[in-house]
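*Asks:*
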Amino acid sequence: MVDDDEDYVLLVQSHLTAIPHFSCAVHWEPDFDKALAKVRDKAFDVCFVDYLIGARNGIEFIQAASRAAPRVPLILLTGSDDPSIDAKASSVGASDFISKSDLSATTLSRTIRFALANVERNNALRLRQAELEETMRSLEEQRTLLQLAMDHTKHGIAMFDASKRLIAYNAKYLEIYGFSPAVMHTGMSLDDILRYSVSLGNYSREDAERILAERLLQASSPRLSTYQQRLKDGRTIAVNHKPIAGGRSVTTCEDITEPLLNQHRSAKLARSAALADAEALAKTKFLSNMSHELRTPLNAIIGFTDAMRQELFGPLGAEQYKAYADHVIESASSLLRIVEQTIEMSLLFQENLDIVEEELELADLISRTIQKYAKTTAEKRIAVGVSICAESPKLRADVGQITQAIENIVDNAVKFCPPDGVIAVSVERSEAGDVVITVSDTGGGIPEDRIEAILIPFEQEEPADTRHNHGAGLGLPIARGLIRLHGGDVNIESEVGVGTIVKIRLPADRVIAGTAGPMAQPAA
């Protein structure tokens, strides 16, 4: 209580103790400034303030206390019948007032309950107000961020409400169409925007009405629509209209004039390149070779399978069918190998092959490769000799790619080496430390003017319709491509009637270490 009359304080306290089921602690302070400090520093539930506090008054106290402790109910006690006092008290923050003539336990009980309820409502309102203000700040921040993001995109953006009125746009939208920021504003109708665009000369007068009608129809469509606008100055604008919930829509636009020109240039260059390729002899030979190499195994598959289907030799299970099945497997495997090589060559051309480096035991690789062709060399009575230098090199390389490269070259040697011929495989180190793998055969040899040609994809030593060894002419080109991926190269030396020597060179920086001791196999 803030009152300078102790007797009146005791009177109020006696009425408070008379309230049923009510208990409280009363703090009395007769001094204006001290009372104000206490209200500010302590959490009182209710504060009774006398209208007269020495030379000061309760109106002044309530005004100061409502700012210092806005959550404390302030109740004015006055012995005056002047209604203006009550009005002044309410205007500066009083929760209620009591006339001293009406003072009783009942009046105090009702006034306290009302004041507390009123404070609770006010606190809830203040909390709600604070939440609304925070929400408004958050929305404004989001709006600012959205506008910033919109203004930094390469696309023009315009958003419309269900009535086709502009609700948001970015600077790029204005730039693309040449719109003035002084003219464009939110709330502007799509019809007005289109007419403004026509007035700027984006469209000719002859096309204006048609374009206006088309745009309004597209904007009203519930489906996503994409179209191009050809402006009068020659620019092409790509426009996307996307409807969203509630009948609203988002329009994005982009000046695609330069990309279209580049696309046309690229298409023209591509057409020129395609025509040049079509005239190239290599392409003609490729088509011829692939046609022959695919037709031959497919005809075998079709013919032998058809014979089994018709059961020409009786029910399935006849001895002949086993041979036919062998032919089917052989032909299909040949076809698969051609397709695989074609795909791999394509990847090499496109530079899509990656190197997965591992430690590679070159001696073991050579041994496995020779063993792979042991059956064929035995059938053709080909003697195979292997010689590895004193330091059997270990390499840092892609095991699969190096294996394939060596197998392709050995496969070529076995294929072209005649019966009773000789194949020799050796591994040496050059003076520069490079690893040189040599594969030689005593085959028919290659004319000097054809050596470079057979390293070109799809080239063959013999014409497709006369050669005896099938293949797409990709073995050596693939081998050279894989070796070049490792920084090395493949070279061929050959003499007609004597044989062919193929040398693989891998750079010294791929050598890890060597194992002591020579490893050699005499010609078998």
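Residue numbers (this note's numbering): 19 to 542.
Each residue gets a CB set at the ideal place from its N, CA and C atoms; glycine is no exception.
Since the model is a prediction, treat every value here as computed from it, not as a measurement.
(1) So what does DSSP say about L95, is it helix, strand or coil?
(2) Using DSSP with H/G/I as helix, E/B as strand and the rest coil, what is K286?
(3) When DSSP labels each residue in this structure, what does N75 get in the three-state scheme?
(4) Smallest Cα separation from A450: which of P525, A123, S385, G462?
(5) Could you say which of V268, H504, N509, Q147 lies nearest to L551 if we only look at CA atoms?
(6) Taking the alpha-carbon positions, what's the L70 to M154 distance?
(7) Comparing alpha-carbon positions, which option in G515, S512, I522, T518 lies nearest R502?
(8) On a CA-only basis, which of P48, V520, A256, D251 is nearest I469? Give me that one, please.
(9) Check each candidate in E159, P88, R447 and name the one with the smallest Cα separation from L145.
(10) Using a threshold of 8 Å, state whether the C-beta atoms of I441 and D459 are closer than that.
(11) Considering only C-alpha positions, which residue in the set A423, A392, R528 is nearest to R447?
(12) Going by C-alpha to C-alpha distance, which of G196, L192, H504 sits closest to D452?
(13) With N258 as the anchor, note down where its alpha helix (DSSP H) starts and where it stops.
(14) Under a three-way DSSP split, which group does F197 fall into?
(15) Any heavy atom of the ligand GTP within a distance shorter than 7 Å of the CB on P277?
(16) If you draw a straight line from the alpha carbon of E227 to that of D273, how long is it in whole angstroms?
(17) Smallest Cα separation from P277: which of G97, P261, S198, A256?
(18) For a test of the three-state rule: what should DSSP assign to L218, helix, strand or coil?
(19) Pull up the distance between the alpha-carbon of R213 and that of S290, whole angstroms please.
(20) Would L92 and G111 qualify as a contact pair, given that the criterion is a beta-carbon distance under 8 Å?
(21) Where does the unbroken alpha helix (DSSP H) through G418 begin, and where does it stop?
(22) Measuring only the C-alpha atoms, how far is K393 from V374?
(23) From what residue to what residue does the alpha helix (DSSP H) around V445 run?
(24) Is the separation between the beta-carbon of A180 and that of T204 shorter than 8 Å?
(25) Per DSSP, N551 is paired with what?
(26) For the structure I just gave you, are there three or more beta carbon pairs, one from the segment 130 to 138 and one from the segment 217 to 232, closer than 8 Å?
(27) Exposed or buried, which one is E47 when buried takes at least 16 other CB atoms within 10 Å?
(28) Quick check on this structure: which residue in S108, L184, S41, I455 has the alpha carbon closest to the alpha carbon of P411?
(29) Excluding the five sequence neighbours on either side, which residues of its own chain have a C-beta within less than 8 Å of the C-beta of A431, listed in chain order?
(30) Taking A186 as part of the beta strand (DSSP E), name the residues at either end of that continuous run.
(31) On the DSSP letters alone, give me the boundaries of the alpha helix (DSSP H) that V110 sits inside.
(32) For L305, which of helix, strand or coil comes out of DSSP?
(33) Could you name the residues of the same chain whose beta carbon sits closer than 6 Å to that of A82, not counting the 5 residues immediately before and after it, in chain order?
(34) On a CA-only basis, which of A105, L143, E511 is nearest S465? Give me that one, please.
(35) Look at the alpha carbon of T254 and the alpha carbon of T275, and state the distance between them as a whole number of angstroms.
*Replies:* Quick look at the numbers:
(1) Your numbering for residue 95 matches position 77 in the sequence shown. Strand, per DSSP.
(2) The residue given as residue 286 occupies position 268 in the sequence shown. Here K286 sits in helix by DSSP.
(3) Here residue 75 corresponds to residue number 57 of the sequence shown, with the count starting at 1. Residue state for N75 is assigned as strand, using DSSP reduced to three classes.
(4) Numbered from its first residue, the sequence shown carries residue 450 at position 432. Ranked by Cα distance from A450, the options P525, A123, S385, G462 are led by P525.
(5) This structure gives no information on residue 551, because the portion of the chain shown stretches from 19 to 542.
(6) Locating residue 70 in the sequence shown gives position 52, where the first residue counts as 1. Locating residue 154 in the sequence shown gives position 136, where the first residue counts as 1. Cα to Cα, L70 sits roughly 44 Å from M154.
(7) For this step, residue 502 is matched to residue 484 along the sequence shown. The option with the nearest alpha carbon to R502 is I522.
(8) If you number the sequence shown from 1, residue 469 lands on position 451. When each option's Cα is compared against that of I469, the closest is V520.
(9) Within the sequence shown, residue 145 is the residue found at index 127, counting from 1. Of the candidates E159, P88, R447, the one whose C-alpha sits nearest the C-alpha of L145 is P88.
(10) Here residue 441 is taken as the residue at index 423 of the sequence shown, counted from 1. Here residue 459 is taken as the residue at index 441 of the sequence shown, counted from 1. Yes.
(11) Here residue 447 corresponds to residue number 429 of the sequence shown, with the count starting at 1. With distances taken between Cα atoms, R447 lies closest to R528.
(12) Mapped onto the sequence shown, residue 452 falls at position 434. Distances from the CA of D452 to each of G196, L192, H504 were compared; the closest alpha carbon is that of H504.
(13) Within the sequence shown, numbered from 1, the residue matching residue 258 stands at position 240. Per DSSP, N258 belongs to no alpha helix (DSSP H); it is in the beta strand (DSSP E), 254 to 261.
(14) Here residue 197 corresponds to residue number 179 of the sequence shown, with the count starting at 1. Note: F197 maps to coil in three-state DSSP.
(15) This structure lacks the ligand GTP; in fact it carries no ligand of any kind.
(16) The residue labelled residue 227 in the question sits at position 209 within the sequence shown. The residue labelled residue 273 in the question sits at position 255 within the sequence shown. Counting only the Cα atoms, D273 lies some 23 Å from E227.
(17) Numbered from 1 along the sequence shown, position 259 holds the residue referred to as residue 277. Ranking G97, P261, S198, A256 by Cα distance to P277 puts A256 first.
(18) Along the sequence shown, one-based indexing puts residue 218 at 200. Of the three classes helix, strand and coil, the one that applies to L218 here is coil, per DSSP.
(19) To locate residue 213, count along the sequence shown from 1; it is residue 195. To locate residue 290, count along the sequence shown from 1; it is residue 272. In a straight line, the C-alpha of R213 is about 44 Å away from that of S290.
(20) Against the sequence shown, residue 92 aligns to sequence position 74. Against the sequence shown, residue 111 aligns to sequence position 93. Closer than 8 Å, so yes.
(21) Taking the sequence shown and counting its residues from 1, the one referred to as residue 418 is at position 400. Unbroken alpha helix (DSSP H) run through G418: 417 to 434.
(22) Taking the sequence shown and counting its residues from 1, one reaches residue 393 at position 375. Taking the sequence shown and counting its residues from 1, one reaches residue 374 at position 356. A direct Cα-Cα distance of roughly 31 Å separates K393 from V374.
(23) On the sequence shown, position 427 is the one that residue 445 refers to. Element bounds for V445: not the alpha helix (DSSP H) but the beta strand (DSSP E), 440 to 447.
(24) For the purposes of this step, residue 180 is identified with residue 162 of the sequence shown, where counting begins at 1. For the purposes of this step, residue 204 is identified with residue 186 of the sequence shown, where counting begins at 1. For A180 and T204, no; Cβs fall outside 8 Å.
(25) Look at the range of the chain in this structure, 19 to 542, and you will see that residue 551 is not part of it.
(26) Output reads no: the segment 217 to 232 does not touch the segment 130 to 138.
(27) The count along the sequence shown starts at 1 and reaches residue 47 at position 29. Under a 10 Å Cβ-count criterion, E47 is classified as buried, with 16 or more other Cβ atoms of the shown protein chains found around its own Cβ.
(28) Position 393 of the sequence shown holds residue 411. Nearest C-alpha to P411: I455.
(29) Here residue 431 corresponds to residue number 413 of the sequence shown, with the count starting at 1. Same-chain partners within the cutoff: I441, V457, S458, D459, G461, T518, V520.
(30) The residue you call residue 186 lines up with position 168 of the sequence shown. Run containing A186: 184 to 187, per the beta strand (DSSP E) assignment.
(31) Here the question's residue 110 lines up with position 92 in the sequence shown. According to the DSSP assignment, V110 belongs to the alpha helix (DSSP H) that extends over 101 to 110.
(32) Position 287 of the sequence shown, counting from 1, holds the residue named residue 305. Only weak support is given to the placement of L305: the predicted model assigns it a pLDDT of 47, under 50, and the question is left unresolved by the model.
(33) Along the sequence shown, one-based indexing puts residue 82 at 64. Listed in chain order, the non-local C-beta contacts of A82 below 6 Å within the same chain comprise L54, local neighbours out to five positions each way being set aside.
(34) To locate residue 465, count along the sequence shown from 1; it is residue 447. Sequence check: residue 465 is Pro here, not Ser. With distances taken between CA atoms, P465 lies nearest to E511 out of A105, L143, E511.
(35) In the sequence shown, the residue the question calls residue 254 occupies position 236. In the sequence shown, the residue the question calls residue 275 occupies position 257. Counting only the Cα atoms, T275 lies some 5 Å from T254.
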